[in-house]
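Going down the list, the sequences are from chains A and B.
Just add 183 to the spot in the first sequence (first one is 1) and you have the numbering used here.
Just add 134 to the spot in the second sequence (first one is 1) and you have the numbering used here.
Backbone N, C-alpha and C define an ideal beta-carbon position, used for all residues, glycine too.
In this text, all values refer to a predicted model and were calculated from it rather than measured experimentally.
Here is the structure we will look at.
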Amino acid sequence: MAVSPLIQQLMEALRCLPGVGNKTAQRMAYHLLERDREGGRQLSAVLAKAMEGIGRCVDCRTLCEGETCSLCASTSRDDSLLCVVESPMDVEALEQATDFRGRYFVLMGHLSPLDGIGPEQLGLDRLAGRFARGGLEEVILATNPTVEGEATAQYISELAREHGIRTTRIAHGVPMGGELEYIDSGTLSHAFAGRRDLG
Amino acid sequence: MSAGTPSASAGPGSRQRIELAPAFVLHQRPYRETSALLEVFTHAQGRVGLIARGARAPRSRRRGELQPFRALRLSWIERGELGTLTGVESAAPGPPLSGRALYSALYLNELLVRLLTRNDPHPVLFERYAHALEALAADAGNVEPTLRLFEKHLLQETGYGLLLDVDCESGEPLRSDALYDYHLEAGPVEVAADTRQGFLFPGSSLLALAAEGELDAAALRDAKRLMRAALSLYLGGKPLKSRELFNRG
Chain A
184 MAVSPLIQQL MEALRCLPGV GNKTAQRMAY HLLERDREGG RQLSAVLAKA
234 MEGIGRCVDC RTLCEGETCS LCASTSRDDS LLCVVESPMD VEALEQATDF
284 RGRYFVLMGH LSPLDGIGPE QLGLDRLAGR FARGGLEEVI LATNPTVEGE
334 ATAQYISELA REHGIRTTRI AHGVPMGGEL EYIDSGTLSH AFAGRRDLG
Chain B
135 MSAGTPSASA GPGSRQRIEL APAFVLHQRP YRETSALLEV FTHAQGRVGL
185 IARGARAPRS RRRGELQPFR ALRLSWIERG ELGTLTGVES AAPGPPLSGR
235 ALYSALYLNE LLVRLLTRND PHPVLFERYA HALEALAADA GNVEPTLRLF
285 EKHLLQETGY GLLLDVDCES GEPLRSDALY DYHLEAGPVE VAADTRQGFL
335 FPGSSLLALA AEGELDAAAL RDAKRLMRAA LSLYLGGKPL KSRELFNRG
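See the structure below:
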């Protein structure tokens, strides 16, 4: 079946989305064309606007439209606490799950030498600048509990210590409602090693 | 059939199943929505590329297991360039690595990925790697000797071994009180004791590295200088990224 070039182009463009292969792209394209032209128009308008208008916050490097993001611009947050995370989605997750009222710094990744990502690519010089400005009492390292996330946390903690700032690492262990026998051995041993005093 | 041996004879395009082969994950890359592309170092097959389907799914048990530095037993089906992971078993969590030991371990992985070609078996190096990880975990404050010896073994195993005990021109054994000009890809050549020009090393440092015993501060410095030059020759100009982690004190 010969598909018109524009439809073909649309399907190929949709394939840039994660998890979208040929078949899904085809389904999406025909859905928009046959059933939801209005939705498609809106999508294209918003997509164009977002691609042009969204940049990085000058303070925390998360994605935002203006110069600084709403969290950094807010005056009601605690400037002495800084939470370092890997992605903007982590900020959202923490905002929803915790009562943290400090500031964030978004790395947009983690140290991964084999992917060519070193301290420079993560903007750690910027973070060091933030440490040097002073006023920070605690840096909370909320990078992922992977080997690379751990290396990133340790590297940043060394940076912070040079400026005399206390660093803490989020705990990792048994999930709420979990049962020990079903938990993988790595998590369990980590949880065991990181046990705390009760009461 | 012993563990880790292919169950069918190898042939072009053939599919073979490998069961519970001792292995370490060197690197993990996201692949598609929930899968991962693994670079693993195995005892019997050397460096192998594997696809771990669903390994990054939210409830996958393999998420934690397929981390670097853990001694694993992996099963997979070999199919062309990339195999498909079918099973993971792990005895214990990896050695506790932190600080410089962790950066060093990442450095070892970068070396292996950069210098080993896929499907080229290096069983001796595999053992050395496992020992090096344990040594790093045991003494995080003193990682240099472990790194130098691993570099030496890596070069040896990949066919670029350094000549460290005989003069490559005269064929005479090295003397610890003599001075040598090291020609990479050839070996040490004795020069007059007052020589200033060249890639110079005291015989004692080269012999200490050859003997793999205790390396004193001077021997460690010389070993580092020699290994850096030798490695950069085979790394093709692109520097090792993990070295940047050490650059601060």
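Whose CA, out of Glu378(B), Ala189(B), Thr292(B), Ala364(B), lies closest to the CA of serine 322(B)?
Looking up residue 322(B) in the second sequence gives position 188. Note that residue 322(B) is proline in the sequence shown, not serine. Taking proline 322(B) as reference, the option from Glu378(B), Ala189(B), Thr292(B), Ala364(B) with the minimal CA-CA separation is Ala364(B).
Where does serine 136(B) sit, in a helix, a strand or coil, going by DSSP?
In the second sequence, residue 136(B) corresponds to position 2, counting from 1. For serine 136(B), the predicted model reports a pLDDT of 47, less than 50, meaning its position is unreliable; a value from the coordinates is still stated below. In this structure, serine 136(B) counts as coil in the three-state DSSP scheme.
Rank Gln179(B), Ala178(B), Ile185(B) by C-alpha distance to the C-alpha of glutamate 167(B) and give the top, closest one.
Position 33 of the second sequence, counted from the first residue, corresponds to residue 167(B). The candidate whose alpha carbon is nearest that of glutamate 167(B) is Ile185(B).
Burial state of valine 258(B) (16 or more Cβ within 10 Å)
On the second sequence, residue 258(B) is found 124 positions in, with the first residue counted as 1. Classification for valine 258(B): exposed.
For arginine 349(A), which residues does DSSP report across the bridge?
Taking the first residue of the first sequence as position 1, residue 349(A) is located at position 166. In the DSSP output, where bridge partners are listed per residue, arginine 349(A) has Glu321(A).
Helix, strand or coil at cysteine 266(A) according to DSSP, with G and I counted as helix
As a position in the first sequence, residue 266(A) is number 83, starting the count at 1. Assigned with DSSP and collapsed to three states, cysteine 266(A) falls in strand.
So, with DSSP's three-state summary, where would you put serine 224(B)?
Indexing the second sequence from 1 puts residue 224(B) at position 90. Three-state DSSP puts serine 224(B) in a strand.
Go ahead and label isoleucine 300(A) buried or exposed: buried means 16 or more other beta carbons lie within 10 angstroms of its beta carbon, across all protein chains shown.
Position 117 of the first sequence, counted from the first residue, corresponds to residue 300(A). It counts as buried.
Counting only C-beta atoms, is asparagine 276(B) closer than 8 Å to chain A at any point?
As a first step, residue 276(B) must be located in the second sequence, where it is residue number 142. Asparagine 276(B) does not count as touching chain A.
Under 9 Å between beta-carbons, which chain B residues line up against leucine 297(A)? List them in chain order, please.
Residue mapping note: residue 297(A) aligns to position 114 of the first sequence, counting from 1. Neighbours of leucine 297(A) on chain B, chain order: Leu160, His161, Arg163, Glu173, Leu240, Asn243, Glu244, Val247, Arg248, Lys375, Ser376.
Taking 8 Å as the threshold (C-beta atoms), are glycine 382(A) and proline 227(B) in contact?
Residue 227(B) sits at position 93 when you count from the first residue of the second sequence. Residue 382(A) sits at position 199 when you count from the first residue of the first sequence. No, the pair does not count as a contact, with Cβ atoms beyond the cut-off.
Counting only Cβ pairs nearer than 9 Å, list the residues of chain A close to arginine 190(B).
By one-based count along the second sequence, residue 190(B) stands at place 56. Residues of chain A passing the Cβ test: none, with the nearest at roughly 11 Å.
Where in the region 323-378 of chain B do unbroken runs of the beta strand (DSSP E), each at least 3 residues long, occur, reported from the N-terminal end onward?
Here the runs fully enclosed are 334-336.
Can you find the residues in the same chain that come closer than 6 Å, C-beta to C-beta, to proline 302(A), ignoring five residues on each side of it along the sequence?
For the purposes of this step, residue 302(A) is identified with residue 119 of the first sequence, where counting begins at 1. In the same chain as proline 302(A), and ignoring 5 residues on each side of it, no C-beta atom comes closer than 6 Å to its own.
Measuring alpha carbon to alpha carbon, tell me which residue in Leu334(B), Ala155(B), Glu324(B), Ser339(B) is nearest aspartate 350(B).
For the purposes of this step, residue 350(B) is identified with residue 216 of the second sequence, where counting begins at 1. The shortest C-alpha separation from aspartate 350(B) is found at Ser339(B).
Could you please give the first and the last residue of the uninterrupted alpha helix (DSSP H) stretch that includes arginine 190(B)?
Working through the second sequence from its first residue, we reach residue 190(B) at position 56. For arginine 190(B), no alpha helix (DSSP H) run applies, since DSSP gives it neither H nor E.
Taking the alpha helix (DSSP H) that alanine 196(A) falls in, what are its first and last residues?
Here residue 196(A) is taken as the residue at index 13 of the first sequence, counted from 1. If you look at alanine 196(A), you'll find it in the alpha helix (DSSP H) that goes 188-197.
Between alanine 374(A) and chain B, is there a C-beta pair that is closer than 8 Å?
In the first sequence, residue 374(A) corresponds to position 191, counting from 1. Output row for alanine 374(A): interface = no.
Spell out whether any CB of chain A is found under 8 Å from the CB atom of alanine 266(B).
As a working note, residue 266(B) is residue 132 in the second sequence. No - not a single Cβ of chain A is within 8 Å of the one on alanine 266(B).
In or out: phenylalanine 380(B) buried (at least 16 other Cβ within 10 Å) or exposed?
Mapped onto the second sequence, residue 380(B) falls at position 246. Under this definition phenylalanine 380(B) is an exposed residue.
So, under 8 Å CB-CB, threonine 152(A) and alanine 336(A) are touching, yes? Tell me the CB distance rounded to an integer number of Å.
In the structure as shown, chain A starts at 184 and stops at 382, and residue 152(A) therefore has no counterpart that could be examined.
What did DSSP end up calling alanine 186(B) once you bin it into helix, strand or coil?
For this step, residue 186(B) is matched to residue 52 along the second sequence. If DSSP states are grouped into helix, strand and coil, alanine 186(B) belongs with the strands.
Contact with chain B by glutamine 337(A), beta-carbon distance below 8 Å:
Taking the first residue of the first sequence as position 1, residue 337(A) is located at position 154. For glutamine 337(A), the closest Cβ of chain B is nearer than 8 Å.
Beta carbon of isoleucine 339(A) nearer than 8 Å to that of leucine 363(A)
Stepping through the first sequence from its first residue, residue 339(A) is reached at position 156. Stepping through the first sequence from its first residue, residue 363(A) is reached at position 180. No, the pair does not count as a contact, with Cβ atoms beyond the cut-off.
Can you tell me which residues form a DSSP beta bridge with glutamate 173(B)?
Stepping through the second sequence from its first residue, residue 173(B) is reached at position 39. Its beta-bridge partners are His161(B), Gly183(B).
Just checking my contact of histidine 177(B) with phenylalanine 260(B) at CB under 8 Å: how many whole Å lie between their CB atoms?
In the second sequence, counting from the first residue as 1, residue 177(B) sits at position 43. In the second sequence, counting from the first residue as 1, residue 260(B) sits at position 126. About 5 Å; that satisfies the 8 Å criterion.
For glutamine 191(A), is the classification buried or exposed, using 16 other Cβ atoms within 10 angstroms of its Cβ as the cut-off for buried?
Start at 1 with the first residue of the first sequence, and residue 191(A) comes out as number 8. Glutamine 191(A) should be labelled exposed.
Would you kindly work out how many angstroms separate the C-alpha atoms of tyrosine 237(B) and proline 373(B), rounded to a whole number?
Sequence index remark: in the second sequence, residue 237(B) carries index 103 (1-based). Sequence index remark: in the second sequence, residue 373(B) carries index 239 (1-based). Answer to the nearest angstrom: the Cα atoms are 16 Å apart.
Quick one: grab the DSSP three-state call for histidine 293(A).
By one-based count along the first sequence, residue 293(A) stands at place 110. Of the three classes helix, strand and coil, the one that applies to histidine 293(A) here is coil, per DSSP.
Phenylalanine 375(A) versus Ala233(A), Tyr365(A), His355(A), residue with shortest Cα-Cα distance
Taking the first sequence and counting its residues from 1, the one referred to as residue 375(A) is at position 192. Looking at Ala233(A), Tyr365(A), His355(A), the one whose alpha-carbon comes closest to that of phenylalanine 375(A) is His355(A).
Measure how close the beta-carbons of leucine 294(A) and leucine 305(A) come, nearest whole angstrom, since I'm counting them as under 8 Å.
Here residue 294(A) refers to the residue found at position 111 of the first sequence. Here residue 305(A) refers to the residue found at position 122 of the first sequence. The C-beta distance from leucine 294(A) to leucine 305(A) rounds to 7 Å, short enough to fall under 8 Å.
Less than 7 Å separating the Cβ of threonine 251(B) from some heavy atom of the ligand ADP?
Among the ligands in the structure shown, none appear at all, so the ligand ADP cannot be discussed.
Examine chain B for any beta-carbon lying closer than 8 Å to the beta-carbon of leucine 387(A), and answer yes or no.
Missing from the structure shown is residue 387(A); chain A here goes from 184 to 382 and no further.
With DSSP as the reference, label threonine 245(A) as helix, strand or coil.
Reading the first sequence from its first residue, position 62 is the one you call residue 245(A). It is coil, neither helix nor strand.
Chain B contacts made by the region 300-312 of chain A, where a contact means CB separation under 8 Å
So the list reads Ile300, Gly301, Pro302, Glu303, given in the order they occur along the chain.
How about aspartate 367(A): is its C-beta nearer than 8 Å to some C-beta of chain B?
Counting from one through the first sequence, the residue named residue 367(A) turns up at place 184. Yes - at least one Cβ of chain B is within 8 Å of the one on aspartate 367(A).
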